[in-house]
Amino acid sequence: MKKIFTLAITLLILSSAAFSQSFISVALRTPVVSIGFGHRFVETYSFTQYERNLQIQKINANYTEQVREVMNLRLAAPKKVDLIQQLQKERNNKIQNVNDRFFDYRNKFNYNHYDRNYNWIR
Numbered sequence: 050m051k052k053i054f055t056l057a058i059t060l061l062i063l064s065s066a067a068f069s070q071s072f073i074s075v076a077l078r079t080p081v082v083s084i085g086f087g088h089r090f091v092e093t094y095s096f097t098q099y100e101r102n103l104q105i106q107k108i109n110a111n112y113t114e115q116v117r118e119v120m121n122l123r124l125a126a127p128k129k130v131d132l133i134q135q136l137q138k139e140r141n142n143k144i145q146n147v148n149d150r151f152f153d154y155r156n157k158f159n160y161n162h163y164d165r166n167y168n169w170i171r
């Protein structure tokens with residue numbers, strides 16, 4: 050009796066695990082494949098001057114908001130100055146990263162290195 054009970058429990062567990070998975074999977078969408086080896090960095094490094102200015106504007110807005118929060122804290126003046134200087138360093142690093150990305154030679158919108166057909170000029 051124990052063997053039959055154990056066999057029934059085992060079959061029940063195995064059948065529930067087997068039937069919980071779907072056997073048929075039909076994909077109704079065809080995947081879009083774009084293969085282009087000529088312009089590897091065009092989409093990766095497309096960074097316009099407008100996008101650059103927007104990011105710098107956001108960085109400056111966040112900086113001014115953080116400075117206001119620091120000024121509203123109840124801290125001693127030297128600690129506030131230290132916090133503001135730390136925020137200035139962070140802001141300058143973020144702006145430098147944005148500028149580095151924009152002035153990268155692979156950026157197709159950096160007109161110093163690309164002609165109007167997005168070919169790199171040496």
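Here the sequence shown is numbered in the numbering used here, starting from 50 and rising by one per residue.
Glycine included, every Cβ here is placed at the ideal spot set by N, Cα and C.
It should be emphasised that the depicted structure is a prediction, and the values quoted were computed from it without experimental measurement.
Determine the extent of the alpha helix (DSSP H) in which residue i is found, giving its start and end residues.
| i | result |
| --- | --- |
| Thr113 | 98 to 121 |
Under a three-way DSSP split, which group does residue i fall into?
| i | result |
| --- | --- |
| Asp131 | helix |
| Arg140 | helix |
| Arg150 | helix |
| Phe158 | coil |
| Leu124 | coil |
Using 8 Å for Cβ pairs, my map puts residue i next to residue j. What's the rounded Cβ distance?
| i | j | result |
| --- | --- | --- |
| Leu136 | Gln104 | About 17 Å separates the two Cβ atoms, so there is no contact after all. |
| Phe151 | Arg101 | 5 Å |
Indicate, with yes or no, if the ligand FMN has a heavy atom lying under 7 Å from the CB of residue i.
| i | result |
| --- | --- |
| Ala126 | The ligand FMN is not among the ligands present in this structure, which contains no ligands whatsoever. |
Quick one: Cα of residue i to Cα of residue j, how far?
| i | j | result |
| --- | --- | --- |
| Ala125 | Thr113 | 20 Å |
| Thr59 | Lys52 | 10 Å |
| Asn168 | Phe96 | 16 Å |
| Gln145 | Ile62 | 60 Å |
| Val147 | Phe158 | 14 Å |
| Leu132 | Ala110 | 17 Å |
| Met120 | Gln134 | 13 Å |
| Asn166 | Arg155 | 14 Å |
| Asn142 | Ile108 | 10 Å |
| Arg140 | Tyr99 | 19 Å |
| Lys128 | Lys138 | 15 Å |
| Leu122 | Val130 | 12 Å |
| Lys57 | Met50 | Before going further, note that residue 57 is Ala rather than Lys in the sequence given. Distance between the alpha carbons of Ala57 and Met50: 11 Å. |
Could one say the Cβ of residue i lies closer than 8 Å to chain E's Cβ atoms, at least one of them?
| i | result |
| --- | --- |
| Asn148 | The structure shown has no chain E; it contains just one protein chain. |
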